[in-house]
Amino acid sequence: MALTFYTNPMSRGRIARWMLEEVGAPYETVVLDYATTMKAEPYLSINPMGKVPAIVHDGHVVTEGAAICAYLADAFPEAGLAPPLGERADYYRWMFFAAGPVDQAVTNKSLGVAPTGDQQRLAGYGHFDLMVDVLEKAVSASPYIAGASFSAADVYVGSQVAWGVMFGSLPKLPVFEEYLGRILSRPAYTRAGEIDDALIAQAA
Numbered sequence: 031m032a033l034t035f036y037t038n039p040m041s042r043g044r045i046a047r048w049m050l051e052e053v054g055a056p057y058e059t060v061v062l063d064y065a066t067t068m069k070a071e072p073y074l075s076i077n078p079m080g081k082v083p084a085i086v087h088d089g090h091v092v093t094e095g096a097a098i099c100a101y102l103a104d105a106f107p108e109a110g111l112a113p114p115l116g117e118r119a120d121y122y123r124w125m126f127f128a129a130g131p132v133d134q135a136v137t138n139k140s141l142g143v144a145p146t147g148d149q150q151r152l153a154g155y156g157h158f159d160l161m162v163d164v165l166e167k168a169v170s171a172s173p174y175i176a177g178a179s180f181s182a183a184d185v186y187v188g189s190q191v192a193w194g195v196m197f198g199s200l201p202k203l204p205v206f207e208e209y210l211g212r213i214l215s216r217p218a219y220t221r222a223g224e225i226d227d228a229l230i231a232q233a234a
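If you read the sequence shown in the numbering used here, its first letter stands for residue 31, the second for the next number, and so on.
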């Protein structure tokens, strides 16, 4: 099956790259430029939002980082990156918590948006400090976000936490740093980073 990965090395495409390296299946990379190829055809036929990452697997398009992680875990079960079907509650819960409330709260904070008390009932994350408290409890409940074993959920949640701690959009809590110490030592994470860093250097 053909697998094509559309990305920019200075983007959330780094999440999908890590997941692809965890899966271990061969794939082709298409690097897009923010101002040109990402906002024009033929890429807009793949993702009309003009955003990366995206993958096309045997003719099927998947966009959105969390969806790509979940899809690849299912498409390549031999990689062992998804729990058995009957044990996926935490796997789905925390992957999509990171894709929803965490992402929304961090984005709003970076834009200087803080919901009022009344608005907090409309915002999926309530308020930023609540999101951080829930995330802190989630990553400290077990060695990995969905239990005792590393999974695709750790790729997505871990990427959100790593970026947040690195760029200051999440506090550098000891529990976050301990969690990152467990997951960022994986060979696939190192390989993915080296590939994307080389692409950045090449472009420079």
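Think of the CB as a built atom: it goes at the ideal place given N, C-alpha and C, for glycine as much as any other residue.
DSSP three-state label for residue i, please.
| i | result |
| --- | --- |
| Phe158 | helix |
| Gly54 | coil |
| Gly177 | strand |
| Pro114 | coil |
| Met68 | helix |
| Lys167 | helix |
| Gly147 | coil |
| Ser19 | Outside the shown range of the chain, which is 31 to 234, sits residue 19, and nothing can be said about it. |
| Leu210 | helix |
Note the first and the last residue of the continuous beta strand (DSSP E) segment covering residue i.
| i | result |
| --- | --- |
| Thr220 | Careful: Thr220 lies outside any beta strand (DSSP E), inside the alpha helix (DSSP H) at Pro217 to Ala233. |
Excluding the five sequence neighbours on either side, which residues of its own chain have a C-beta within less than 7 Å of the C-beta of residue i, listed in chain order?
| i | result |
| --- | --- |
| Val185 | Ile45, Trp48, Met49, Glu52 and Cys99 |
| Ser172 | Ala178 |
| Ala218 | Trp48, Glu51 and Glu52 |
| Tyr101 | Val92 |
Mind checking who residue i pairs with in its DSSP beta bridge?
| i | result |
| --- | --- |
| Phe35 | Thr59 and Ile85 |
| Thr93 | Ala84 |
| Gly43 | Partner(s): none; Gly43 has no beta bridge. |
Using the beta-carbon count (16 or more within 10 Å), is residue i buried or exposed?
| i | result |
| --- | --- |
| Gln87 | Checking the sequence shown, residue 87 turns out to be His, not Gln. Buried. |
| Gly198 | exposed |
| Lys136 | Per the sequence shown, the amino acid found at residue 136 is Val instead of Lys. Buried: at least 16 other Cβ atoms inside 10 Å. |
| Ser215 | exposed |
Within the continuous alpha helix (DSSP H) that includes residue i, where are the two ends?
| i | result |
| --- | --- |
| Asn138 | Asp133 to Ser140 |
| Phe126 | Ala119 to Phe127 |
Once the 5 residues before and after residue i are set aside, which same chain residues still bring their CB inside 6 Å of it?
| i | result |
| --- | --- |
| Ala183 | Tyr121, Trp124, Met125, Ile175 and Ala176 |
| Gly156 | Gln150 |
Between residue i and chain D, is any beta-carbon pair separated by less than 8 Å?
| i | result |
| --- | --- |
| Val61 | Although the question refers to chain D, the structure presented lacks it and comprises just one protein chain. |
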